[in-house]
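Undergrad: To start, I am sharing the structure in question, which I have written as structure tokens.
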Amino acid sequence: NGHPHPWEILAVTFTNKAAGEMRARVEALLGADCSRMWISTFHSLCARLLRREAPAIGLSRDFVIYDSSDQLTVVKQAMKELHIDDSFVQPRAVLSRISHAKNRMETPEQLTASAGWNRRDENIGKIYARYVNALKESNALDFDDLLLRTVDLFEHSPTVRGKYANQFKFVMVDEYQDTNRPQYLLIRRLAEVHRNLCVVGDPDQSIYKWRGADLRNILDFEQDFPEAATVKLEQNYRSTQIILDAASAVINQNRNRKDKHLWTDKKGGSRIVYFRGGDELE
Numbered sequence: 001n002g003h004p005h006p007w008e009i010l011a012v013t014f015t016n017k018a019a020g021e022m023r024a025r026v027e028a029l030l031g032a033d034c035s036r037m038w039i040s041t042f043h044s045l046c047a048r049l050l051r052r053e054a055p056a057i058g059l060s061r062d063f064v065i066y067d068s069s070d071q072l073t074v075v076k077q078a079m080k081e082l083h084i085d086d087s088f089v090q091p092r093a094v095l096s097r098i099s100h101a102k103n104r105m106e107t108p109e110q111l112t113a114s115a116g117w118n119r120r121d122e123n124i125g126k127i128y129a130r131y132v133n134a135l136k137e138s139n140a141l142d143f144d145d146l147l148l149r150t151v152d153l154f155e156h157s158p159t160v161r162g163k164y165a166n167q168f169k170f171v172m173v174d175e176y177q178d179t180n181r182p183q184y185l186l187i188r189r190l191a192e193v194h195r196n197l198c199v200v201g202d203p204d205q206s207i208y209k210w211r212g213a214d215l216r217n218i219l220d221f222e223q224d225f226p227e228a229a230t231v232k233l234e235q236n237y238r239s240t241q242i243i244l245d246a247a248s249a250v251i252n253q254n255r256n257r258k259d260k261h262l263w264t265d266k267k268g269g270s271r272i273v274y275f276r277g278g279d280e281l282e
């Protein structure tokens, strides 16, 4: 219809599977190749932006992306250098804590300062500092860094920020209730020029707080974009009304939620059975 060119559309989601499905559906709808559209996960979007623009924040374009086994090797080496035994704290637990801190945009210094008298957190703060330095020396980024360094790029380079904020006329984010702080800042920057932002999400389904998801992102959306229109998707295609009524009765007890009334065309259905098993096999 002449609204945008394909490369002026950005659609992001969380998993490779969801991004692949999104791309396949768009291609089926258009009957055309949509390789010039930016349809991807958050992490591949950030990797693509950094491969193009990294020098603007003093980062080499040929950075290495560390996977979980690479990260674990770095953590174990840091613990060895600091003489911290893995019986005191498990390397995987350290890695999980570092990832959580990064998703909340906490530096090693902030993590150490918040430890107080907690010796375990104090040690994790020290390991985190070594971990950051080791990655820097190896010209490497982990998955959390892809997001953080892209946020840095947009905050510290008005030229780069302007280039992409002007390019993307339409931005869509799926599963918005699962976004964390860096993802929220990134999307807000990308949509700040044209303000054509569509987010799809359900506050009742936010289950990823343990990995940094911030429910306030979706609850505060109308404050950030007061001109936004809200469309409630209340028809359910999977469940019977009996199941929907029971689920609604439970979730209605939550504070700070956006009200909605789920309904379905599926009539009847079995009553819900309460069963308490002695173990997972039973």
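Residue 144 in this note's numbering sits at position 144 of the sequence shown; the count goes up by one each step and never skips. All C-beta atoms in this analysis are idealised placements derived from N, C-alpha and C, irrespective of residue type, glycine included.
Helix or strand or just coil, what does DSSP make of S239?
TA: Looking at S239 - three-state DSSP - the assignment turns out to be coil, as it is neither helix nor strand.
Undergrad: Check whether the stretch 122-138 and the stretch 207-226 are in contact - that is, three or more C-beta pairs closer than 8 Å.
TA: Output reads no: the stretch 207-226 does not touch the stretch 122-138.
Undergrad: Between the C-alpha atoms of Y128 and C198, what's the straight-line distance to the nearest angstrom?
TA: Each residue's alpha carbon lies about 36 Å from the other.
Undergrad: With which residues is A140 paired in a DSSP beta bridge?
TA: DSSP lists V64 as partners of A140.
Undergrad: Ordered along the chain, which non-local residues of its own chain (more than five positions away) have a Cβ less than 7 Å from that of A228?
TA: The residues are F221, E222.
Undergrad: If you follow the alpha helix (DSSP H) that S40 is in, where does it begin and where does it stop?
TA: It is not in any alpha helix (DSSP H) - S40 instead sits in the beta strand (DSSP E) that spans 38-41.
Undergrad: Span of the beta strand (DSSP E) holding L197?
TA: Taken as a continuous stretch (DSSP letters only), the beta strand (DSSP E) holding L197 covers 197-199.
Undergrad: If distances are taken between C-alpha atoms only, which option among Q235, T150, V250, E155 comes closest to C46?
TA: That would be T150, whose Cα lies nearest to the Cα of C46.
Undergrad: Keeping to the same chain, check which residues put their C-beta closer than 8 Å to that of I65; ignore five residues upstream and five downstream.
TA: Here the set comprises A47, A140, L141, D142, F143, L146.
Undergrad: Along the alpha helix (DSSP H) that carries T179, what are the first and last residues, could you check?
TA: Looking at the DSSP string, T179 is not in any alpha helix (DSSP H), and its letter there is neither H nor E.
Undergrad: Spell out the partners DSSP gives L111 in its beta bridges.
TA: Partner(s): none; L111 has no beta bridge.
Undergrad: Comparing alpha-carbon positions, which option in L244, R216, S138 lies nearest F63?
TA: Nearest of L244, R216, S138 to F63, Cα basis: S138.
Undergrad: Which partner residues of F154 appear in the DSSP bridge assignment?
TA: DSSP output for F154 lists no bridge partner at all.
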